[in-house]
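Okay, so here's the structure we're looking at.
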Amino acid sequence: MTAPHAPSTAVPPPNSDLRIHPPQSERNDMTDFLVFYVRTFAVALPLIAIAILMIGAGRANLTAGQTGVAITVAAFLFGLWFAIVVPPSESNVLNVPPTLQDPPIVLAFLFGGAVIVWGLAWLTPLGRRISMATPLAAIAAFQIPRVMGAVFLIGWLGGSIPAEFALPAGLGDIWAGIAGWQASTALASGAANAKKLLMRANVIGILDFVFAVALGIMTSEGFAHLLSQDAPNIVNDHPLALFPAFFVPIFLGFHLISISKLRAERRCERTTGA
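Mapping of the sequence shown onto this note's numbering: residues 5 to 278, in sequence order.
Spelled out as structure tokens, the structure:
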């Protein structure tokens with residue numbers, strides 16, 4: 005006669021994953037929401053940029069042909085860029101590299117895209133003409149949609165994004181959007197401190213990106229995974245990888261355009277004053 009088996013009291017090994025994962029249905033719902041959210045802004049943000057371009061084109065007294073070329077180039081650029089960046093995002097190629105020797109592909113998209121946006125708007129004759137004619141209020145207003153970064157807070161509340169990243173990145177984006185709105189309204193009304201508010205908005209917006217990129221690296225699996233090691237960040241997974249690879253470069257490009265236009269106007273004011 006065998007003795008009854010006692011209940012197992014085995015202790016899990018120390019390295020076992022003791023995290024409480026959300027049900028599969030909840031993860032699927034969050035993924036579906038993020039895909040819809042990203043696709044919505046992937047359409048809306050380029051349209052806003054093109055609308056601002058059209059404002060500048062109208063004020064620059066361009067011909068219909070020149071305006072058509074500018075709009076076509078911008079639309080083609082955004083469409084091609086999105087088409088190029090989606091496949092590596094879906095293949096998780098945009099993750100933080102495991103070693104410093106591996107190429108940081110996502111950073112190439114981020115900084116390369118920002119330089120392309122700025123270069124076309126400022127270094128080409130047609131782009132410079134449009135940019136100089138575009139009101140600073142309109143350029144500053146482009147940062148208002150930065151509040152879309154609130155999705156990081158939603159992801160944190162849903163248990164998908166670590167607080168170490170979600171709180172500073174999400175709140176920072178909201179702050180940058182509010183700062184852009186404050187600068188835009190001040191510029192539109194001709195307030196005495198309008199340009200100071202614009203520089204403040206540029207500083208806030210750029211610093212937000214710096215901290216978000218650094219924290220994104222430190223909370224994601226890769227060469228510098230120092231934070232949130234038990235629940236790595238998903239910001240470089242599809243579809244959130246489109247934030248650093250598609251959205252951030254456009255916002256950063258507009259910051260560079262804003263700074264360049266401010267400097268050009270100051271040089272013009274000094275020359276006129278002299």
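Note that the Cβ used here is the ideal one computed from N, Cα and C, for glycine as well.
If you're wondering where the values come from, they're calculated on a predicted model, not measured in any experiment.
Going by DSSP, V207 is part of the alpha helix (DSSP H) stretching over A198 to M222. Taking the CA atoms as reference points, F115 sits about 6 Å from P253. Cβ-Cβ distances below 6 Å link V155 to Y41 in the same chain, with the five nearest sequence neighbours on each side left out; the list follows chain order. Relative to the Cα of P236, the nearest Cα in the group N99, L201, I134 and R271 belongs to N99. Linking A180 to I75 through their CA atoms gives a straight-line distance of about 27 Å. Boundaries of the alpha helix (DSSP H) harbouring I158: V155 to L161, taken from the DSSP string. Remark: C-beta atoms of P139 and L49 do not approach each other more closely than 9 Å. E269 sits in a helix when the DSSP states are folded into three classes. Scanning the region 81 to 148 for uninterrupted alpha helix (DSSP H) segments of 4 residues or longer gives 109 to 126, 129 to 137 and 140 to 145, listed from N- to C-terminal end. A64 and A118 have their C-alpha atoms spaced approximately 24 Å apart. DSSP places P172 inside the alpha helix (DSSP H), whose first and last residues are A167 to S193.
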